[in-house]
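J.: So in my numbering, the last one in the first sequence is 700, and the numbering has no gaps at all.
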Amino acid sequence: MSPKGTAVADGFSLFTDRSVVAMRVNGELRDLAWEVTDTDTVEPVTIDSEDGLSILRHSAAHVLAQAVQRVNPETKLGIGPPITDGFYYDFDTSEPFTPEDLKALEKEMQKIVKQGQRFVRRVVSDDDATAELANEPYKLELIGLKGGADAGSDNENVEVGGAELTVYDNVDPKTGEVMWSDLCRGPHLPNTKMIGNGWALMRSSGAYWRGSEANPMLQRVYGTAWPTKDELRAYQTRLEEAAKRDHRKLGVELDLFSFPDEIGSGLAVFHPKGGIIRHEIEDFMRRELLKNDYEVVNSPHITKGTLFETSQHLNWYKEGMFPAMHLDEVTDAEGNVTKQGQDYYLKPMNCPFHNLIFRSRARSYRELPLRLAEFGTVYRYEKSGTLSGLTRVRGLTQDDAHIYVTDEQVKDELKKQLEFVFATLRAYGLDDFYLELSTRDPEKSVGTEQQWADAEQTLREVGEESGLELVADPGGAAFYGPKISVQARDAIGRTWQLSTVQLDFNQPELFELEYAAADGTRKQPIMIHRALLGSIERFFAILLEHYAGAFPVWLAPEQVVGIPVAAEYGDYLDEIISRLRAEGVRARVDHSDDRMPKKIRTHTKLKVPFQLIAGEEDRAAGAVSFRFRDGTQLNGVPVDEAIARITAAIQSHEQVSTAWSE
RNA sequence: GCCCUGAUAGCUCAGUGGUAGAGCACUUCCAUGGUAAGGAAGGGGUCCCGGGUUCAAAUCCCGGUCGGGGCUCCA
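#1: For residue 510, does the count of other Cβ atoms within 10 angstroms reach 16, so buried, or fall short, so exposed?
#2: Between which residues of its own chain and residue 112 is the CB-CB distance below 8 Å, once the five residues before and five after are set aside?
#3: Is the CB-CB distance between residue 3 and residue 57 below 8 Å?
#4: Nearest-angstrom Cα distance between residue 375 and residue 366?
#5: With DSSP collapsed to three states, give me the class of residue 682.
#6: Can you tell me whether DSSP reads residue 46 as helix, strand or coil?
#7: Would you call the stretch 589–602 in contact with the stretch 615–635, where contact means no fewer than 3 C-beta pairs closer than 8 Å?
#8: For residue 698, does the count of other Cβ atoms within 10 angstroms reach 16, so buried, or fall short, so exposed?
#9: Is it the case that the stretch 139–157 contacts the stretch 201–212, given that we only count it when at least three CB pairs across the two stretches are under 8 Å?
#10: Between which two residues does the beta strand (DSSP E) containing residue 242 stretch?
#11: Can you check DSSP and say which residues form a bridge with residue 218?
#12: Would you identify the three-state DSSP class for residue 534, choosing helix, strand or coil?
#13: Whole angstroms is fine: what's the gap from residue 542's alpha carbon to residue 515's?
#14: Count the C-beta pairs between the stretch 244–261 and the stretch 286–301 that are closer than 8 Å, then say yes if the count reaches three, no if not.
#15: For residue 475 and residue 442, which I take to be in contact (beta-carbon distance under 8 Å), what is that distance rounded to the nearest angstrom?
#16: Ordered along the chain, which non-local residues of its own chain (more than five positions away) have a Cβ less than 6 Å from that of residue 369?
#17: Residue 475 lies in the beta strand (DSSP E); which residues open and close that run?
#18: Which residues in the same chain as residue 502 place their Cβ atom closer than 7 Å to its Cβ, once the five residues preceding and following it in sequence are excluded?
#19: Measuring CA to CA, which of 523, 129 and 648 is closest to residue 536?
#20: How big is the Cα-Cα spacing for residue 548 and residue 484?
#21: For residue 620 and residue 681, I'd like the C-alpha separation in whole angstroms.
#22: Suppose you measure from the CA of residue 300 to the CA of residue 308; what does that come to, to the nearest Å?
#23: Does DSSP put residue 329 in a helix, a strand or coil?
#24: Excluding sequence positions up to five away, which residues of its chain have a Cβ less than 7 Å from the Cβ of residue 422?
#25: Rounding to the nearest angstrom, what Cα-Cα distance links residue 477 and residue 223 in this structure?
#26: Using a Cβ-Cβ cut-off of 6 Å (strictly less than) and excluding sequence neighbours within five positions of residue 96, which residues of its own chain qualify?
#27: May I ask you to report which of helix, strand or coil DSSP gives residue 454?
#28: Whose CA, out of 316, 640 and 622, lies closest to the CA of residue 589?
#29: Under 8 Å, do residue 583 and residue 624 count as touching if we go by C-beta distance?
#30: In its own chain, which residues sit with a C-beta less than 8 Å from the C-beta of residue 178, not counting the 5 before and 5 after it?
#31: Quick check on this structure: which residue in 237, 236, 254 and 235 has the alpha carbon closest to the alpha carbon of residue 244?
#32: Who pairs with residue 676 in a beta bridge, going by DSSP?
#33: Taking buried to mean at least 16 other C-beta atoms within 10 Å of its own C-beta, is residue 310 buried or exposed?
#34: For residue 156, which beta-bridge partners are listed by DSSP?
#35: Locate the beta strand (DSSP E) running through residue 570, then write down its first and last residues.
#36: Taking contact to mean 3 or more Cβ pairs, one atom from each stretch, closer than 8 Å, check whether the stretch 554–567 and the stretch 396–406 are in contact.
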């Protein structure tokens with residue numbers, strides 16, 4: 039502890055650079071108005087730093103709240119923290135916000151920003167705060183939480199996280215009048231003018247108070263804020279780019295899949311072009327499985343409930359399952375049951391079936407590791423509000439595998455699995471990964487502490503040995519065992535949880551699985567669940583967005599389209615195309631009566647990797663001209679060479695968007 | 001599941017109490033063309049479904065289905 043120094047200055051005199059919006063004093067974020075002493079360590083916080091952006095966004099949230107209460111003073115305040123790329127503020131209001139309301143609020147916010155109100159920090163006692171905020175029931179609740187054992191989430195800490203309670207007053211710079219106040223830990227920008235014009239309100243939605251379904255729903259307004267208008271524009275452009283590659287939009291444009299209303303929510307049909315992509319994804323996966331010592335199995339989509347009683351799924355996840363079909367019950371004329379019926383369920387998971395396959399006969403240690411793989415279609419009754427395109431559906435096909443190993447084999451097998459995962463994902467064009475280790479949630483787990491500790495340790499070692507970044511996810515494990523998951527970054531930097539490798543010491547026990555060990559005793563195997571692509575539907579969506587619909591040649595639904603310069607050259611192209619088709623290439627000639635530039639436009643929009651154009655010059659030379667997706671071209675390529683290059687590009691899983699360099 | 005919001009031609013969308021529209025796509029015909037839209041004509045809609053209000057409903061009200069944005073959830 040250093041002796042208390044003498045107050046010497048505030049941040050305004052220490053930092054004249056106008057991009058400094060706050061400072062760190064002895065590691066703590068402080069307003070520039072904070073008085074520092076000669077023994078303090080002081081660092082500037084600039085607006086474009088991570089802390090600076092959070093402060094900017096948090097201040098913008100305050101301005102939003104002030105605007106809301108100006109428009110409707112009856113509105114009660116929830117919380118208003120900064121978040122990635124922006125901020126939100128929750129309100130309890132009699133009428134939800136309409137888009138017009140948001141426009142009006144933006145205008146009101148602009149006035150507040152222009153006025154340049156100062157953010158002034160004021161320390162208050164719990165009692166004073168309680169009196170001052172008597173009309174703000176949610177804030178009172180937060181004050182009550184402060185200092186409790188469970189101090190609430192980070193977002194709530196933004197309001198009351200400090201050692202002492204503070205209120206920020208928004209003060210009119212001319213009159214000194216307090217325009218508005220909010221309970222807040224701070225720090226804030228010195229004044230609202232510094233929020234500038236790089237912000238916008240985005241949307242509104244409902245959100246449960248303190249994130250619990252049991253609590254009332256508040257109205258949340260989301261906004262975004264950046265140091266400059268240019269950065270705001272860049273952010274908006276980024277959102278537009280992401281929207282352009284939205285798989286739901288591309289799915290319609292490229293005629294890949296649809297969700298007919300007649301079938302029901304979350305249930306997709308794949309059209310021929312989506313179907314062939316899916317076929318290629320699965321076909322490649324199957325070949326890799328067989329090369330890597332998996333056995334391919336198959337199981338039905340429905341089963342009697344007893345199976346899921348054994349597996350405990352009916353106990354733990356019944357709400358997530360489609361309700362039972364009650365079958366085979368017989369009643370007499372009086373309605374008395376004369377024969378008990380049976381409950382049948384659509385399967386939400388494949389593992390119990392694989393356990394039955396394991397158990398179908400005596401197993402020897404010589405068979406282990408036994409790797410059972412299936413593209414198993416499962417049905418889950420996901421809540422209606424959580425469904426989203428192909429990424430969250432009610433009917434999905436998992437590329438599922440269950441691997442049964444001895445205790446000694448666990449580590450080697452996990453290693454092998456991770457390597458297999460990386461190699462496979464790379465073949466689909468995803469190569470930027472990190473790992474996440476999900477560990478025990480003591481509230482929700484079976485098995486002994488020792489089992490968990492050992493398993494988590496093994497997973498951690500394997501993860502660390504992979505050389506990839508390993509992120510902890512404490513409490514994220516399922517109840518039956520820890521898992522390691524592979525997160526992949528896509529072309530625009532978003533991360534997706536793909537593969538999971540999960541240990542399970544519960545099911546082998548529930549199903550009484552055993553094998554004969556070398557010494558003749560019976561032992562229980564350890565089970566590893568592993569999904570490599572996750573669900574095929576979701577993986578399909580991820581690839582579609584990753585490539586923005588411009589798939590590598592092997593996955594492209596149409597690989598080659600021949601475009602004759604005039605109808606006369608159609609026959610010549612037909613010959614070339616039939617040679618490609620004989621090689622298994624998806625190729626056709628566009629014989630429609632559109633003009634050539636129109637055909638080029640059509641197939642460019644459909645993102646066909648190779649357009650083969652032929653006219654007099656090409657025919658005379660026994661050649662074709664390539665046009666690639668980006669508009670580059672390669673003229674007069676001899677036909678044999680063209681075919682060889684196309685088939686090679688398919689073989690190698692290569693992405694081809696531009697002309698090959700010689 | 002909860003809050004908000006939407007549904008009009010295959011697609012994108014205009015129309016908002018009084019006979020249903022555009023562009024693209026599709027069909028046919030003309031045009032025979034060298035690198036992102038040649039021309040003309042034509043077909044195509046229980047305006048999501050069911051109730052209600054009204055002389056009259058695609059339009060207003062209620063319920064449902066499906067979509068979208070969030071919250072919660074995600075074995």
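Beta carbons: idealized from backbone N, C-alpha and C, even for Gly.
These numbers come from a predicted model, not from an experiment.
T.: The answer reads as follows:
#1: exposed
#2: 131 and 132
#3: Nothing about residue 3 can be reported from this structure: the residues present for the chain run from 39 to 700 only.
#4: 11 Å
#5: helix
#6: strand
#7: yes
#8: exposed
#9: Segments in contact, yes.
#10: 237–246
#11: 208
#12: Strand.
#13: 11 Å
#14: no
#15: That belief does not hold up - the Cβ atoms of residue 475 and residue 442 are roughly 22 Å apart, past 8 Å.
#16: 375
#17: Run containing residue 475: 471–476, per the beta strand (DSSP E) assignment.
#18: The residues are 508.
#19: 523
#20: 11 Å
#21: 11 Å
#22: Their Cα atoms are separated by approximately 15 Å.
#23: helix
#24: 303
#25: The alpha-carbon atoms of residue 477 and residue 223 are separated by roughly 32 Å.
#26: 120
#27: helix
#28: 316
#29: no
#30: 168, 171 and 172
#31: 254
#32: In the DSSP assignment, residue 676 forms a beta bridge with 661.
#33: It counts as exposed.
#34: 209 and 229
#35: 564–573
#36: Cβ pair count under 8 Å is three or more, so yes.
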